[in-house]
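Here the structure comes first, spelled out in structure tokens, and everything after it is commentary.
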Amino acid sequence: MDSEIKEEIPVHEEFILCCGVETQVLKCGPWTDLINNQSGTRPKLLIFIIPGNPGFSAMYVPFAKALYSATKRRFPVWIISHAGHALAPRGKKILKSSEDPNAEEIKDIYGVRVQVEHKLAFLRTQVPKEMKLVVIGHSIGSYFSLEILKHAPELPVIRSILLFPTIERMSESPKGRFATPLLCWLRYALYVPCYLLLKPWPEKIKFLAIRMVLQMMDIPREFLCMNMLEPFCLVNAAYLGSQEMREVVKRDDETIKEHLPKLIFYYGATDSWCPKEYYDDMKKDFPEGDIRLCEKKIPHAFVISFFQEMADMVADWLKDDLSKM
């Protein structure tokens, strides 16, 4: 790992009640409260990472730290969990956020549409209105990033980077054809054994099991992702997945066209969720867009083994934008 990443980089964990749901936010850098920080040292820009599904923030810490170093430690890098994908540990303080006056009535907080409202509520209540934003979405987080541009044009997003973007035809993709029946029709059969098998496990056993898995996958263990074995979180991740198969169908060309100068797309040549065919279609339909292809054979969850190289690439893409800050 790069020597800079080995250096101590502060990462602060918070649990915030956002849209009435416990939400894990991991904040890379010394800035933890942007709203109340009125000093001259407050940064002018926030890099905001929206995960894929499951929306486990802790999995993205290596990428966030690498990106923080690659951008010369000038700007905070924050990662937000999806609603329902994180539960605060016992005894952990949960902060209350102010109500978002623009938020719609919450009816299905764990579904696709309201996950977007969840991110918007956080940005509107936890980030100063004048602060510039770079939004980085991974997988379904890319879909949420486009929805943010569509539904909140008032937010000062200067760049939106969509990494391995699942923004269309999810159920038709190679993995989608396998996942659709599992998530849409068979997931209920998995709920009972999931609760029966995992709920009785003592916390120590869960801790050891997750640590072993992360060690086998060579993932840094700064923030153990205990929610990986929490039935409540797994059920919500499966539910979100079922909605993705049904709702992420047609590419939102209107929003893409409107915001194309802000967008960078990065596809994977071997990604089974958004195959190269989707990249080819995007290049054909938006020849003037910044649409790139990773030729390497890498896991879909790039944060596991590709975070350092990815962070360097993203920092390079942002170089001109950040030089103006």
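Just so we're aligned: the sequence shown equals residues -12 to 312 in this note's numbering.
Using N, Cα and C, we set each Cβ at its ideal position, and we do this for glycine too.
Just so you know, these numbers come straight off a predicted model, no measurement behind them.
In this structure, DSSP gives Cys181 a helical state, which the three-state scheme calls helix.
Judged by DSSP in its simplified three-state form, Glu231 adopts helix. Around the Cβ of Val235, a 10 Å sphere holds 16 or more other Cβ atoms; the residue is buried. Under the criterion of beta carbons closer than 8 Å, Phe194 and Leu120 do not qualify as touching, at roughly 35 Å. In the three-state reduction of the DSSP assignment, Lys284 falls in the coil class, being assigned neither a helical nor a strand state.
Excluding the 5 residues flanking it on each side, Ala302 has same chain C-beta neighbours closer than 6 Å at Ala57 and Thr58, in chain order. Uninterrupted beta strand (DSSP E) stretches at least 3 residues long and entirely within the region 151 to 180 do not occur. A distance below 8 Å between beta-carbons, with the five flanking residues on each side excluded, links Ser85 to the following residues of its chain, in chain order: Thr112.
Annotation: Pro168 to Pro30 spans about 46 Å, alpha carbon to alpha carbon.
A Cβ-Cβ separation of about 4 Å places Phe294 in contact with Phe50 under the 8 Å criterion. Sequence-distant partners of Ile278 (beyond 5 residues in either direction) whose C-beta falls short of 6 Å from its own C-beta, in its chain, are Phe252, Met269 and Lys270.
The three-state reading of DSSP puts Phe252 in strand, counting E and B together. Per DSSP, the unbroken beta strand (DSSP E) holding Leu32 starts and ends at Leu32 to Ile37.
Assigned with DSSP and collapsed to three states, Phe50 falls in helix. When secondary structure is reduced to three states using DSSP, Trp304 falls in the helix class.
Residues Phe131, Glu134, Ile135 and His138 of the same chain have their beta carbon placed closer than 8 Å to that of Val103, with the five preceding and five following residues left out of the count.
Counting every other CB atom within 10 Å of its CB across the protein chains shown gives Phe165 a total below 16, marking it as exposed.
Here DSSP, grouped into helix, strand and coil, assigns Ile123 to strand. Exposure of Asn23 is indicated by the presence of fewer than 16 other C-beta atoms within 10 angstroms of its C-beta. According to the DSSP assignment, Lys106 belongs to the alpha helix (DSSP H) that extends over Val99 to Gln113. Comparing C-alpha distances from Thr10 to each of Gly124, Ile37 and Pro180 shows the shortest one belongs to Ile37. For Gln25, the three-state secondary structure derived from DSSP is coil.
Just measuring C-alpha positions, the residue of Glu217, Leu250 and Val101 sitting nearest Pro180 is Glu217.
Judged by beta-carbon spacing, Ile3 lies within the 7 Å limit of Leu82, meaning their Cβ atoms are closer than that value.
About 4 Å separates the Cβ atoms of His105 and Ala70, confirming a contact at the 8 Å cut-off. Here the alpha carbon of Pro(-3) sits roughly 11 Å from the alpha carbon of Val48. About 5 Å separates the Cβ atoms of His125 and Leu150, confirming a contact at the 8 Å cut-off. Around the C-beta of Leu173, fewer than 16 other C-beta atoms lie within 10 Å, and the residue is accordingly described as exposed.
Annotation for Gly39: His125, Ser126, Ile127 and Gly128 place their beta carbon closer than 6 Å to its own, counting only its chain and skipping 5 residues before and after. Residues of the same chain with a CB within less than 7 Å of the CB of Lys162, apart from the 5 flanking positions on each side, are Ser259 and Trp260 in chain order.
The straight-line gap separating the alpha-carbon atoms of Leu250 and Glu275 is approximately 11 Å.
Where Glu264 is concerned, there is no enclosing beta strand (DSSP E), although the alpha helix (DSSP H) around it starts and stops at Lys263 to Asp272. Going by C-alpha positions, Cys281 is about 28 Å away from Ala225.
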